[in-house]
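Engineer: Sharing a structure with you now.
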Amino acid sequence: MNEEDKKVFLDDFKKADMDKKLDLWYFAVDQEALWEEILAEMSMIAQAANPSKGKVVEED
511 MNEEDKKVFL DDFKKADMDK KLDLWYFAVD QEALWEEILA EMSMIAQAAN PSKGKVVEED
């Protein structure tokens with residue numbers, strides 16, 4: 511989503527019916543929590559698959 515899309519979305523949100531606003535807001539909050547969990551699991555999977563990636567390697 512680019513800045514213009516975000517602006518249009520928020521403008522539409524401001525104009526919406528209050529009940530719909532709250533339903534959309536609660537949906538977005540639920541999705542945020544879901545994606546935080548998914549990203550955390552993806553990070554753990556990636557780390558387990560390639561544990562040396564992203565770590566500083568000390569040279570002798």
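Its first residue numbered 511, the sequence shown is counted upward by one per residue in my numbering. All C-beta atoms, glycine included, are put in the ideal place defined by N, C-alpha and C. Remember, predicted model here, so these are calculated numbers, not experimental data.
1) Locate the alpha helix (DSSP H) running through Ser562, then write down its first and last residues.
2) Using 8 angstroms for Cβ pairs, my map puts Lys517 next to Phe523. What's the rounded Cβ distance?
3) How big is the Cα-Cα spacing for Trp545 and Leu520?
4) Identify the continuous alpha helix (DSSP H) that holds Asp572 and give its terminal residues.
Structural biologist: Inspection of the coordinates gives the following:
1) Premise fails: Ser562 is in no alpha helix (DSSP H) and is neither H nor E.
2) In fact, because the Cβ distance is near 11 angstroms, the residues do not count as touching under 8 angstroms.
3) 21 angstroms
4) Residue 572 falls outside the range modelled here, since the chain spans only 511 to 570, and no answer is possible.
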